[in-house]
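Protein chains in written order, with our numbering: chain E, 1 to 306; chain Z, 307 to 744.
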Amino acid sequence: MAQKTSGDTSHLYDGKVVRSSAPSRKAIAGNAGIGTEIPKDAIPELQIPTFVESLLGGPIVPKMKFLPPDKMVQNLQLAVYGLLMALAFLTLIVSPGSGTLWYMLFGSIGVATALQVVVISVATVSGFVGTFRRDGRFMLLSNLLFILAILRFASSKVALAFDPFGLADRPFLLSSLVVVYAVFLIMYIELGNGVLRYSMLDTSIRTNEVYVMNPGKIVGKYHRALVINPVVSVVLATLVLSANKILPFIVGLLNSETALRMEESVELTSVYGVALGTLFVFIVTGALFMLNLPGAVQKWREARSE
Amino acid sequence: MMWSRKSAMLGSLAVAMYLLGLTLRNSQLVTIAVVIFVVLTWAALFGGHADVASSGRRSEEFTGEEGVALGNVSAMRKMSSARLFEDGELSVTLRMQNHSGLAKILEVRDRVPEVMRIKSGSNYILMELGPRRETFIEYTVECPLRGFYSLGPVAVRIQDAFGLFHREKELHVYNDFLVFPKMEDLKETFVKSRVPKIFTGAVNIRQPGPGSEFYSLREYFEGDSFRAINWSAYARSGKLMVNERERDAVSDVIIIVDSRAVAETGPVSRNALVYSTRAAASLAKYFLGRRDSVGVIVYGDEVVSVDRDTGKKQLYVILTKLAGAVAKGNTPLQVVVNRILPHINKGSPIIVLSNLEDDPTIVNALRDFRARNFDVTVLSPSSLEFEFDAKRLDRTGYEVMKTERDVLIGELRGLGVNIMDWEPDMLLSTALAGARGF
């Protein structure tokens, strides 16, 4: 009960020591030692993808713990296995031991070839393991080893380690083989990513982290891209690489003599001809981007749909 | 258009191979580089084009980006409620519309405050939105902590099938909502206490307000009830006059909430400020339900006060202030006391909710209250316990500080303050009963 007031409050101060403050807990806690870790619920849980995850898995959901694969992922895995075999075989063909890093290091074609086979084998096995276990680290290792295998530090046109189809005498087919090889390499990288991305997506769907409407259409778009993109890439790359044929043809419409000289020009038929063609094509592409061709295409499609 | 890390990696590889091939005059490397360039270019050119725009509230903030058909995709949001209590659930319906004649594959993420939890549904959707179609995305969030929150913006992304390039757009559609601190029902506890009415009796507050006793006459203002018009006075003066009645609150109750930075010591969901706001809300509800007049003062970096009043509207005002209390600043309690002392009626019950830390003026401030015969109750949520439970404090440090805290509490008790060291697992009613000596 409250005391009766007399107006005199001096009794409140009698014998009392005026303290400065409550103890500074922070200071003692800082010196106290053991328990300085931040409790779990003090910081909201954030999931940030690691660098490797974002390289391989894309930005959909940064998680690498997958549920068992669904049918689509299994199909993608099968496709990767097939592509991996073809890629390993093509890599063996288009990357002879001469000119490789191993040849530069050891100076022996035998050692270089053996090491090249080892690298390709490890890349293949790593690719299998990575795809089967859906582990991005093995896939990344496989991709890097395939790229390492194809790097050649020597001046050359296309050279084959062995020639089961007799392509060495047919330059166009030889070039096409390299184009096909490159497309296989890209598609292998992409399909490997696809396995991870769709595993993430499938896992996220099943754990209710993401909701997918019309999954059939979304998957259908990916399937179409898997067919269309390689075909388009082969056609466009072949066009780019045929610059030494296309340029003389265009010039020939104006002056046949100059065109003939161009056709016989060593520079144009060498790697610099390819570079010139590439430069030409990409200048055109750059110009199209500057003119906002994607926007124009989209606008046209929108207008057509109206 | 934005590059993903994958496309950046492929692009870098292609550039490296291309330059190496040119340097070494190796056409094989150049060929591979060209193929990679072609794949990237194709994806960039025809992979997907985000043409999305914002709509809905705050559209004036939309800064827009150059695109083909801004306005093709729009988002609107509807919430089940704009006000709810802690641990309440909020149902959200996001309406996505595609005004274009083309179908679009969209990745949509509706941004939810980090402290919220998705209870059902999903705020992250991958969808194919058909031409001139709309879809409704529904999800429920659980709101565990009080505060002012905002849902949005809606992030929309379109990317090519291989995930090489994407375009992102934030639709600036926001919905604000308020999470009030949850309240404990104190009614039963008080009824069961040994003294049914624990605070001082009715106080003659001599202020006009809703009540039954006549207080004075004044001129009619727009909005006044017709029932309050004094027709006799109107007949006499020719002016519309209304009766004012004396507020018949039982007493004024002042609740002081400590929201200084130190009040948030401890885990996010368990700290003195969380407990204090919940206690203040519960007490306000209880006293207002008893027809008392309740005022609230929240002090942190500044002193925010809700003037004494009664009724449901007052509860809403108090809850809103408590929801917005942010742990900031270090205003001493003495400043609050000095400011409010001239304005509160002598004898009014005062309830202070503070962890009593890092404030050298606490003893003096509470002594000032007691010296003027205010009935002071202090509920002190113990930050020590929060930190000890969270294993941020070792046993020795805890014991030392606990002892010092006990000494302080004893000292305040000596001043005649009803004080309770409120431990985390203790119900408010128990703590309050303990403070009052029941």
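For glycine and all other residues, C-beta sits at the position ideal for the given N, C-alpha and C.
Legend entry - Which residues DSSP lists as bridging isoleucine 464 (chain Z), in chain order: Residue pairing of isoleucine 464 (chain Z) in beta bridges, as defined by DSSP: Z:Arg473.
Legend entry - Span of the alpha helix (DSSP H) around methionine 104 (chain E): Element bounds for methionine 104 (chain E): 101 to 106.
Inset, instruction - Using 10 angstroms around the beta-carbon of valine 119 (chain E), count the other beta-carbons present and answer buried if the total reaches 16, otherwise exposed. - result: With a 10 Å radius around the Cβ and a threshold of 16 neighbouring Cβ atoms, valine 119 (chain E) comes out buried.
Inset, instruction - Could you have a look at tyrosine 211 (chain E) and say whether DSSP puts it in helix, strand or coil? - result: Under the three-state reduction of DSSP, tyrosine 211 (chain E) is assigned to strand.
Inset, instruction - Starting from isoleucine 246 (chain E), trace the alpha helix (DSSP H) both ways and give me its first and last residue. - result: Residues 243 to 254.
Legend entry - For isoleucine 725 (chain Z), the three-state DSSP class (helix, strand or coil): In this structure, isoleucine 725 (chain Z) counts as strand in the three-state DSSP scheme.
Legend entry - Cβ neighbour criterion (16 or more within 10 Å) applied to alanine 303 (chain E): Burial call: exposed.
Inset, instruction - Under 7 Å Cβ to Cβ from arginine 576 (chain Z), same chain only, skipping five residues before and after it: list those, please. - result: Sequence-distant Cβ neighbours of arginine 576 (chain Z) in its own chain, meaning closer than 7 Å and more than five residues away, are Phe692, Pro730.
Legend entry - Pick from E:Gly97, E:Met139, E:Ser98, E:Arg152 that is closest to tyrosine 324 (chain Z), judged by C-alpha positions: Residue E:Arg152 is the option with its Cα nearest to tyrosine 324 (chain Z).
Legend entry - Touching by the beta-carbon criterion (3+ pairs, under 8 Å), the region 177 to 195 of chain E and the region 324 to 338 of chain Z: Contact between the region 177 to 195 of chain E and the region 324 to 338 of chain Z is present, because at least three Cβ pairs lie under 8 Å.
Inset, instruction - Measure the C-alpha to C-alpha separation of leucine 160 (chain E) and phenylalanine 146 (chain E) and round it to an integer number of angstroms. - result: When rounded, the distance between both Cα atoms is 16 Å.
Inset, instruction - Compute the Euclidean distance between the alpha carbons of serine 456 (chain Z) and alanine 587 (chain Z), then round it to the nearest angstrom. - result: Alanine 587 (chain Z) has its alpha-carbon roughly 22 Å from the corresponding atom of serine 456 (chain Z).
Legend entry - Which of helix, strand or coil DSSP assigns to glutamate 434 (chain Z): Strand.
Inset, instruction - Classify arginine 473 (chain Z) as buried or exposed, calling it buried when 16 or more other Cβ atoms lie within 10 Å of its own Cβ. - result: It is buried - the Cβ of arginine 473 (chain Z) has at least 16 other Cβ atoms within 10 Å.
Legend entry - Contact set between glutamate 525 (chain Z) and chain E, taken where Cβ atoms lie within less than 7 Å: Ordered by position in chain E, no residue passes the 7 Å Cβ test against glutamate 525 (chain Z), which lies about 40 Å from the chain.
Inset, instruction - Can you give me, in chain order, the residues of the region 80 to 94 of chain E that have a beta carbon less than 9 Å from any beta carbon in chain Z? - result: Hits within the stretch, in order: Val94.
Inset, instruction - Select from the region 442 to 468 of chain Z all residues with a C-beta closer than 9 Å to any C-beta belonging to chain E, and list them in chain order. - result: Per Cβ criterion, the list reads Ile443, Tyr445, Arg463, Gln465, Asp466, Ala467, Phe468.
Inset, instruction - Specify whether the region 637 to 650 of chain Z and the region 601 to 614 of chain Z touch according to this definition: at least 3 beta carbon pairs, one from each stretch, less than 8 Å apart. - result: Yes: the two stretches touch, three or more of their Cβ pairs being nearer than 8 Å.
Inset, instruction - Find the nearest neighbour of valine 658 (chain Z) within the set Z:Glu705, Z:His478, Z:Leu579, Z:Val479, judged by alpha-carbon distance. - result: Ranking Z:Glu705, Z:His478, Z:Leu579, Z:Val479 by Cα distance to valine 658 (chain Z) puts Z:Leu579 first.
Legend entry - Closer than 8 Å to chain Z by CB, glutamate 267 (chain E): At a cut-off of 8 Å between beta-carbon atoms, glutamate 267 (chain E) makes no contact with chain Z.
Inset, instruction - Anything in chain Z within Cβ reach of serine 175 (chain E), meaning under 9 Å, just list it in chain order. - result: Scanning chain Z for C-beta atoms nearer than 9 Å to the C-beta of serine 175 (chain E) yields Ser333, Thr337, reported in chain order.
Inset, instruction - List the whole-angstrom C-beta distance separating valine 240 (chain E) from valine 344 (chain Z), where the pair is believed to meet the contact cut-off of C-beta under 8 Å. - result: Yes, they are in contact, since the Cβ atoms of valine 240 (chain E) and valine 344 (chain Z) sit about 7 Å apart, within 8 Å.
Legend entry - Proximity to serine 286 (chain Z) [Cα-Cα], best of E:Asn255, E:Ile186, E:Leu293, E:Glu209: Nothing in the structure corresponds to residue 286 (chain Z), since chain Z is present only between 307 and 744.
Inset, instruction - Please confirm if the region 592 to 601 of chain Z is in contact with the region 700 to 710 of chain Z, defined as three or more CB-CB distances below 8 Å between the two stretches. - result: Taking one beta carbon from each stretch, the region 592 to 601 of chain Z and the region 700 to 710 of chain Z have fewer than 3 pairs nearer than 8 Å; the two do not touch.
Inset, instruction - Please report how far the alpha carbon of glycine 436 (chain Z) lies from the alpha carbon of valine 414 (chain Z), in whole angstroms. - result: Counting only the Cα atoms, valine 414 (chain Z) lies some 15 Å from glycine 436 (chain Z).
Legend entry - Contiguous alpha helix (DSSP H) assignments of at least 4 residues, all confined to the region 612 to 652 of chain Z: Within the region 612 to 652 of chain Z, the complete alpha helix (DSSP H) runs of at least 4 residues are 618 to 629, 639 to 646.
Legend entry - chain E within 8 Å of methionine 308 (chain Z), Cβ atoms only: No - not a single Cβ of chain E is within 8 Å of the one on methionine 308 (chain Z).
Legend entry - Rounded straight-line distance, which links the Cα of phenylalanine 520 (chain Z) to that of arginine 551 (chain Z): Rounded to the nearest whole angstrom, the CA to CA distance from arginine 551 (chain Z) to phenylalanine 520 (chain Z) is 4 Å.
Inset, instruction - Using a Cβ cut-off of 8 Å, pull out every chain C residue sitting near asparagine 244 (chain E), in sequence order please. - result: Reference to chain C is not applicable here, since the protein chains of this structure are E and Z.
Inset, instruction - Work out the CA separation of tyrosine 198 (chain E) and lysine 209 (chain E) for me, nearest whole Å. - result: Sequence inspection shows glutamate at residue 209 (chain E); the lysine mentioned does not correspond to that position. Take the alpha-carbon of glutamate 209 (chain E) and the one of tyrosine 198 (chain E): they are about 14 Å apart.
Legend entry - Cβ-based contacts, 7 Å cut-off: residues of the region 108 to 136 of chain E near chain Z: Taking 7 Å as the Cβ-Cβ cut-off against chain Z, none of the residues of the region 108 to 136 of chain E qualify.
Inset, instruction - Closer than 6 Å by C-beta to isoleucine 443 (chain Z): which residues in its own chain qualify, once you throw out the five before and the five after it? Chain order, please. - result: Its chain contains Leu400, Ile431 as the residues whose beta carbon lies nearer than 6 Å to that of isoleucine 443 (chain Z), once the 5 sequence neighbours on both sides are disregarded; these appear in chain order.
Legend entry - Nearest-angstrom Cα separation, counted from alanine 741 (chain Z) out to leucine 721 (chain Z): Their backbone Cα atoms lie some 14 Å apart in a straight line.
Inset, instruction - Could you work out which residues of chain E lie near threonine 347 (chain Z), taking near to mean beta carbons separated by less than 7 Å? - result: Against chain E, a Cβ distance below 7 Å from threonine 347 (chain Z) picks out Thr285.
Legend entry - Expected contact under 8 Å - CB spacing of serine 735 (chain Z) and proline 655 (chain Z) to nearest Å: In this structure serine 735 (chain Z) does not touch proline 655 (chain Z) by the C-beta definition: roughly 16 Å separates them, more than the 8 Å allowed.
Inset, instruction - Say whether chain E places a C-beta atom closer than 8 Å to the C-beta of phenylalanine 343 (chain Z). - result: Yes - at least one Cβ of chain E is within 8 Å of the one on phenylalanine 343 (chain Z).
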